[in-house]
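These protein sequence lines map, in sequence, to chains A and B. Just so you know, this note's numbering puts 1257 at position 186 of the first sequence, and the rest follows in order with no gaps. Just so you know, this note's numbering puts 206 at position 182 of the second sequence, and the rest follows in order with no gaps. Since the structure comes first, as structure tokens, the remarks are kept for the end.
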Amino acid sequence: MANLTRRDLMKIGMASGALLAAGEGFKSPALAGTVKIGPGGKDFSPQTGVERQAIPSSCWQCVTRCPNMGYMEDGRLVKIESNPNSIRTEGKMCARGQGGVSHSSDPDRILYPMKRAGKRGEGKWKRISWDEALTELADRMKKLRDAGTPEKFMFHYGRMKASSEKLMKDAFLATYGSKTGAGHTAICEGGKWVGQELTWGKHYDNWDFDNTNYVLNFGSNVLEAHTNHIPTSHRLIRAKVDKGVKMVTFDVRLSNTAAKSDEWVPLKPGTDGAVMLAMCNVIMSEGLYDRDFLKFVKATKNKDAPDDEKIASLKAHLAQYTPQWAEKISGVSASKIKTLAIEFARAKPACLLTYRGAVAHYNGVENERIAMMLASITGNIDNPGGRCKAVAASWKFPTGPKDKPEAKKLKIDDGFKGQVAYPTHHVDHQVFKMIKDGKEGRPEIYMWYCYAPVYANGEIQETIDILKDESLIPFTVCSNPFYDEAAALADMILPDTPYTERWDWDGDVSPMQIAEYQIRQPFVKPLGESRNLMDVACELANRMGFPLGFNSMEEFVTMSGELTPEVKALGGIEYLKKNGVWHDPNAKPKFYSYKKEVKEEELKAEGVIYDDASGVYWNWKKSKAKDEAEAQQKGYAHTKDAYKGYVGQKIGDKVYTGFKPDILNKSGYMELYSELMEEKKFNPLPSYLPIPEHEKMGAGDLILTTYKAAVITQSRSANCKWLSELYHDNPAWINPKTAAGLGIKTGDKIKVKSVIDEITTKARVTEGVIPGVIAISHSVGHWEYGRYASGKKGPDASGAHDNDPDLKTIWWEDRGVHPNWIIPNSPDPIGGQQRWMDTVVKVTKA
Amino acid sequence: MGKKEDISRRDMLKTGGAVAVAAAATGILPAAAAAAKEGVSRWAMVIDLRRCIGCRGCTVACKSEFGAALGRWNAVVKQMETGSYPGVKKHFLPRLCNHCAGEKDVPPCVEKCPQANAGERAKLGGVSYRTGATYKRPDGMILLDMSLCIGCYKCIEACPYGVRSIDPFSKLTRPDREKDLGVGKCTFCAHRVDKGIAPSCVNTCQGGARIFGDLNDPESEVSKLDKEFNLVKNRDKTTLLPGEKTQPHVLYIDPAGVLAQYKIDKKTKEAEFKDQFV
């Protein structure tokens, strides 16, 4: 330790890294009663007292994308805080967002384009110039395009949202002509979205904690890792303490969310639906339902059913799902279910939460449909304090040349034929199996971005084997700021910028139902030769001869600012460069969107017809129908893309906006009774689906559950030193009762074996997990991603260096074990969501 | 935001009077009362354990504010599990330097520092004080000046809480000690507070579990919480290691009795002051 030098980022003469109070502090004494401590938005060097330059931008450690503020010292980014002017975050930020400060200075960052110099995956690289890289890539891509097979260029992306998504998909890929692609929603929470699209039409639910009286949570770790984490979590804890809002969490594990709840109710994995159905049963039979809301609910086949018929239908359906029945399935006592059901129904407004704990299962879509039923019958839908339809910023943007070719695609992102009923968020985890299978064709170029399929998907060894196989995928290329497990399998790596060096417009879901606009701008210039992929896409388009009309993301953002009325009125993007965020101070929160009546003239507009079967007014011209006659004959439900023409739902003698469809031809009702489900041979009313593997478990079998920890993101922040320092090991949680049966103690090495593979890890015996389950977190167990994540240095050709004093003080050796090696890639049959929480394992002492 | 120009004379008189009354009422020490009379703050942090969700925003905010080395922390959150399944509870306990008033106005770290009075005389408000390698400012902040430190590390040993540690990024500057490393700990973000900005950990705390302010200002949030929860007088229940009689300026709102269940062993106190998310 003694021979360590001071870190060079603190270029000051005095030698106290700890603190020098003998600076500015003495000159500005603090006087009692006069010093109002401000909320931030400023920062000062502890060493010199000099104010650090503040730059407002946006986080991208997780999908929440909070507005942030970067602080610069001597031209270097030294700190990230929240933006105190954001209505989403109210100046708060999580550990991850602040830990992102070290992306730019990661010594294992890729700074130069590289080409492999050995076999694929061998780890041998040579540095190449950007011109060499883009000449080769543009040549390969152009060849496919000129041959009329642009679909053989496949683009697979993870966290690519807002302006990045629009520039890449709507402008670049659309003009190039390939729609062969995949995302990663199916390995996140896709099943939840499909459940919502089948019921209230569009995906995403905001939880209005500011106005709620009660929070009932099935499997959301909202206080640690939600997709809208900081905006919701800080409001939830405030509601709990300041207003005494009761919160009950059902989870297999004592997460921090469960720990801060008034009650943690452990339940068997995948049985959330059974408990919620029993709650619905109690609420209907006790007469605690919200009759007013039923008007907007479809609960029987009869679209014009009066309320009494709907009530009778729900009661009849729910009769089988008694609390006693649910107790046998879930392990939660019937009396507890009854008590909580009555509390929830009486607490209005009350907020029903669900997330991966409930949806990353075989029965995930059904569990979300059941949740929508529970929220609906209690009238807690799109109301202040309830489960609300998402409100976010609405940007306009340029989409490139008007004349675009008809884009083509390989049908490899929706799973195998017949595998998934409604893959509206795709079945991304089956892509590699489908490439191997080859029946739907194979890409010649596989490009990926902000995504590490060999780390983020299940069944890791198989994914590695397929991605490595040149006979299956001839050319692999990625854009990545870091040398992760997937980058190691590329033929060419383009050095991307971390989000701390990017441009974007953004503005994600508002926790208060008022849109907030935000931008991301670079804190520092891209290091080395790194370039954001969006800038590279503009150049590739130029090289291939189809200029997009903008040459960088910065230009795209500026043009979007001119096209978006709200932003233009501020004076364009300059306002956001200065302030980072904007919301309309006069805007009212948006609730009850479904209650809006449709104007007479909208019903009489050109192309609008009435569909008697569903009660939907729709504009057939926006669908794929050839003419009105075909539209009338096929009807709303069976005309392709009919939902795009949806105008309103006739209920009684009025027409309402209703629950507008977004991707499926559903009616404008809250569809608890779903003919779409009926057509695919599922029960039209939300029902309990047992998990097949769990029905066949043998003695001693355990269920593997996985989770995310509050201080690190799933696969893209282990390179951040202060986050890895906090969380680098993931011993498997196991209940003392279960552990005793297996002779396992804390610290013991254990083998965890599934049908596809096995891992060796350590045990942590804890009271905080239900017996019969083993819980292993994501995010660690890296075998690449640089020295802070895995202990492994990046390739020399990438520019990886040793000039970082923190490298010498890495004090941890444990790196954890990734559970995804043993989890099969297997979809929920309705929506295609990866079934993270269903794997049955045998656990033995190693 | 606390600019001197904004303060009218009347305001000062008003708060000065109120402060004197508040000081008498809470039974604080003579030096602190004297400081209050002179219009100097008495900084304190209230940590409301009901609001802490264990997110470690504070931990990372602190590490980046100071560019702290790996392996050392100025702020940590400890986790504890109590009870058995299914009634098990998990608790979070944020910890930092307690900025102790000290039993006789001198906290143990300052008492043991041979260089505690080695610095120049300085003034805060109307109060004159002497700086040192480890010293107490009249507003209660326990601060360090590594240009005066001789690297004896007696302060590390003296602190019953183990919050001080050798800082590998801090080299001493005294000509005879240039090969030695300095000492680090929480400073209550004096460099921010003196500019009217909340400490880094307080600024980011999403639960609002950390509340920072002036106990000499009856209108401050910490004074209001002190009044509501009787924090200062009831310090046996609201501070860590009350038996050490250090009189911490970090006060906990702790309805679940977490403090009483948290043990600090003299032998492992420094190793314990470490943050690991479980």
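Using N, Cα and C, we set each Cβ at its ideal position, and we do this for glycine too. Quantities reported herein were computed from a predicted structural model and do not represent experimental measurements.
TODO: Return the chain-ordered list of same chain residues with a C-beta closer than 8 Å to the C-beta of glutamate 1541(A), the five sequence neighbours on each side being excluded.
DONE: In the first sequence, counting from the first residue as 1, residue 1541(A) sits at position 470. So the list reads Arg1191, once near-sequence residues are dropped.
Open item on the list: Quick check on DSSP: helix, strand or coil for tryptophan 1793(A)?
Closed with: Taking the first sequence and counting its residues from 1, the one referred to as residue 1793(A) is at position 722. Helix.
TODO: Could you work out which residue in Ala68(B), Ile77(B), Val64(B), Arg66(B) is closest to lysine 1331(A) when comparing CA atoms only?
DONE: Numbered from its first residue, the first sequence carries residue 1331(A) at position 260. The shortest Cα separation from lysine 1331(A) among Ala68(B), Ile77(B), Val64(B), Arg66(B) belongs to Ile77(B).
Task: Cβ neighbours of lysine 1467(A) in the same chain (closer than 6 Å, five flanking residues each side left out) - done: Position 396 of the first sequence, counting from 1, holds the residue named residue 1467(A). Excluding positions up to five away in sequence, the list reads Leu1634, Thr1635.
Open item on the list: At the level of alpha carbons, what is the spacing between isoleucine 1258(A) and glycine 1358(A)?
Closed with: Against the first sequence, residue 1258(A) aligns to sequence position 187. Against the first sequence, residue 1358(A) aligns to sequence position 287. Those two C-alpha atoms are separated by around 39 Å.
Task: Chain-order list of residues whose beta-carbon lies under 8 Å from that of serine 1406(A) (same chain, five-residue window excluded) - done: Here residue 1406(A) refers to the residue found at position 335 of the first sequence. So the qualifying residues of the chain are Pro1394.
- [ ] Report yes if the C-beta distance between serine 1850(A) and threonine 1910(A) is below 8 Å; otherwise report no.
- [x] Stepping through the first sequence from its first residue, residue 1850(A) is reached at position 779. Stepping through the first sequence from its first residue, residue 1910(A) is reached at position 839. The answer is no: Cβ separation not under 8 Å.
TODO: Have a look at Ser1235(A), Asp1179(A), Val1726(A), Leu1205(A) and flag the residue whose alpha-carbon is nearest the alpha-carbon of valine 1134(A).
DONE: In the first sequence, counting from the first residue as 1, residue 1134(A) sits at position 63. When only C-alpha atoms are compared, the closest one is Ser1235(A).
TODO: Name, in chain order, the residues that DSSP records as bridge partners for isoleucine 166(B).
DONE: If you number the second sequence from 1, residue 166(B) lands on position 142. According to DSSP, isoleucine 166(B) bridges with Lys160(B).
Open item on the list: Helix, strand or coil, according to DSSP, for serine 1897(A) in the structure here?
Closed with: Taking the first sequence and counting its residues from 1, one reaches residue 1897(A) at position 826. Residue state, collapsed to three classes: coil.
Open item on the list: Please return the same chain residues whose Cβ sits closer than 6 Å to the Cβ of glutamate 1334(A), not counting the five positions on each side in sequence.
Closed with: For this step, residue 1334(A) is matched to residue 263 along the first sequence. Only Val1319 meet the Cβ criterion.
Open item on the list: Suppose contacts are defined by Cβ-Cβ distances below 8 Å. Is leucine 265(B) in contact with tyrosine 276(B) by that definition?
Closed with: Along the second sequence, read from residue 1 onward, the residue named residue 265(B) stands at position 241. Along the second sequence, read from residue 1 onward, the residue named residue 276(B) stands at position 252. Contact: no.
TODO: Could you have a look at methionine 1072(A) and say whether DSSP puts it in helix, strand or coil?
DONE: Here residue 1072(A) refers to the residue found at position 1 of the first sequence. Residue placement at methionine 1072(A) is flagged as unreliable, the pLDDT there being 33, under the threshold of 50; a coordinate-derived value is accordingly withheld.
Task: Host beta strand (DSSP E) of tyrosine 1859(A) (start-end) - done: Looking up residue 1859(A) in the first sequence gives position 788. Note, tyrosine 1859(A): premise wrong, no beta strand (DSSP E); not H, not E.
TODO: Spell out whether any CB of chain B is found under 8 Å from the CB atom of alanine 1073(A).
DONE: Within the first sequence, numbered from 1, the residue matching residue 1073(A) stands at position 2. Any reading at alanine 1073(A) is ruled out, since the residue's pLDDT is 34, under 50, leaving its predicted position unreliable.
Task: Reference proline 272(B), options Thr83(B), Ala125(B), Pro279(B), closest by Cα - done: For the purposes of this step, residue 272(B) is identified with residue 248 of the second sequence, where counting begins at 1. Closest by alpha carbon: Ala125(B).
Task: Chain-order list of residues whose beta-carbon lies under 7 Å from that of methionine 1630(A) (same chain, five-residue window excluded) - done: Counted from its first residue, the first sequence places residue 1630(A) at position 559. Same-chain partners within the cutoff: Pro1469, Phe1621.
Open item on the list: Once the 5 residues before and after threonine 1160(A) are set aside, which same chain residues still bring their CB inside 8 Å of it?
Closed with: One-based indexing of the first sequence puts residue 1160(A) at position 89. Taken in chain order, the residues that qualify are Cys1137, Pro1138, Ser1153, Asn1154, Ile1301, Pro1302, His1305.
TODO: Please classify alanine 1253(A): does DSSP put it in a helix, a strand, or coil?
DONE: Start at 1 with the first residue of the first sequence, and residue 1253(A) comes out as number 182. Residue state, collapsed to three classes: strand.
Open item on the list: Which residues in chain A have a C-beta closer than 8 Å to the C-beta of cysteine 79(B)? List them in chain order.
Closed with: Start at 1 with the first residue of the second sequence, and residue 79(B) comes out as number 55. Going along chain A in sequence order, the residues near cysteine 79(B) (Cβ under 8 Å) are Cys1165, Ala1166, Leu1294, Glu1295, Ser1304, Asn1327, Ala1781, Val1782.
- [ ] For glycine 1096(A), I'd like the list of residues in its chain whose CB is within less than 8 Å of its CB, leaving aside the five on either flank, ordered along the chain.
- [x] Indexing the first sequence from 1 puts residue 1096(A) at position 25. Any answer about glycine 1096(A) is weak, because its pLDDT of 36 lies below 50 and its placement is not dependable; what the coordinates show is given next. Within the same chain, glycine 1096(A) has close Cβ partners Gly1120.
Open item on the list: To the nearest angstrom, how far is the alpha carbon of lysine 1419(A) from that of glutamate 1637(A)?
Closed with: For the purposes of this step, residue 1419(A) is identified with residue 348 of the first sequence, where counting begins at 1. For the purposes of this step, residue 1637(A) is identified with residue 566 of the first sequence, where counting begins at 1. Roughly 35 Å between the two C-alpha positions.
Open item on the list: Pull the bridge partners of lysine 1369(A) from the DSSP assignment, please.
Closed with: Counted from its first residue, the first sequence places residue 1369(A) at position 298. DSSP lists Glu1742(A) as partners of lysine 1369(A).
Open item on the list: Rounding to the nearest angstrom, what Cα-Cα distance links threonine 155(B) and glycine 164(B) in this structure?
Closed with: The count along the second sequence starts at 1 and reaches residue 155(B) at position 131. The count along the second sequence starts at 1 and reaches residue 164(B) at position 140. About 13 Å.
TODO: Would you kindly work out how many angstroms separate the C-alpha atoms of arginine 201(B) and isoleucine 174(B), rounded to a whole number?
DONE: Position 177 of the second sequence, counting from 1, holds the residue named residue 201(B). Position 150 of the second sequence, counting from 1, holds the residue named residue 174(B). Going by the C-alpha atoms only, they are around 6 Å apart.
Task: Neighbour flag for proline 1127(A) against chain B, beta carbons, 8 Å - done: For the purposes of this step, residue 1127(A) is taken as residue 56 along the first sequence, with counting starting at 1. For proline 1127(A), the answer is no, since every Cβ of chain B falls outside 8 Å of its Cβ.
Task: Span separating the alpha-carbon of lysine 1374(A) from that of serine 1685(A) - done: The sequence position of residue 1374(A) within the first sequence is 303, counting from 1. The sequence position of residue 1685(A) within the first sequence is 614, counting from 1. So the alpha carbons of these two residues sit roughly 6 Å apart.
TODO: Compute the distance between the beta-carbons of tryptophan 1519(A) and tyrosine 1228(A), then report whether it is under 8 Å.
DONE: Here residue 1519(A) corresponds to residue number 448 of the first sequence, with the count starting at 1. Here residue 1228(A) corresponds to residue number 157 of the first sequence, with the count starting at 1. Their beta carbons are under 8 Å apart, which means tryptophan 1519(A) touches tyrosine 1228(A) by this criterion.
Open item on the list: Against chain A, with Cβ distances strictly below 8 Å, would threonine 83(B) count as a contact?
Closed with: The sequence position of residue 83(B) within the second sequence is 59, counting from 1. Yes, threonine 83(B) lies at the interface with chain A (some Cβ there is under 8 Å from its Cβ).
Task: Span separating the alpha-carbon of serine 1200(A) from that of isoleucine 1108(A) - done: Residue 1200(A) sits at position 129 when you count from the first residue of the first sequence. Residue 1108(A) sits at position 37 when you count from the first residue of the first sequence. Cα to Cα, the separation comes out at about 51 Å.
TODO: For asparagine 1806(A), decide whether its Cβ has a neighbour in chain B, counting only Cβ atoms nearer than 8 Å.
DONE: The residue given as residue 1806(A) occupies position 735 in the first sequence. Chain B contact via Cβ: present.
TODO: Note down, in chain order, each residue of its chain lying with its Cβ closer than 7 Å to the Cβ of leucine 1543(A), except the 5 sequence neighbours on either side.
DONE: On the first sequence, residue 1543(A) is found 472 positions in, with the first residue counted as 1. Cβ neighbours of leucine 1543(A) beyond the five flanking positions: Ile1506, Lys1507, Arg1513, Ile1537.
TODO: List the residues of chain B whose Cβ lies closer than 8 Å to the Cβ of glutamine 1703(A), in chain order.
DONE: The count along the first sequence starts at 1 and reaches residue 1703(A) at position 632. Result: empty, since nearest Cβ-Cβ is about 55 Å, beyond 8 Å.
Open item on the list: For chain B, check one thing: does any of its Cβ atoms lie closer than 8 Å to the Cβ of tryptophan 1278(A)?
Closed with: Position 207 of the first sequence, counted from the start, is the residue given in the question as residue 1278(A). Not an interface residue.
Task: Contact belief for serine 1795(A) with alanine 1860(A) at Cβ below 8 Å, rounded distance in angstroms - done: If you number the first sequence from 1, residue 1795(A) lands on position 724. If you number the first sequence from 1, residue 1860(A) lands on position 789. Between alanine 1860(A) and serine 1795(A) the Cβ distance is about 6 Å, and since that is below 8 Å, they are a contact.
Task: chain B residues whose Cβ lies nearer than 8 Å to that of leucine 1797(A) - done: Here residue 1797(A) is taken as the residue at index 726 of the first sequence, counted from 1. Here the neighbours are Arg80, Thr83, Val84, Asp299, Gln300, Phe301.
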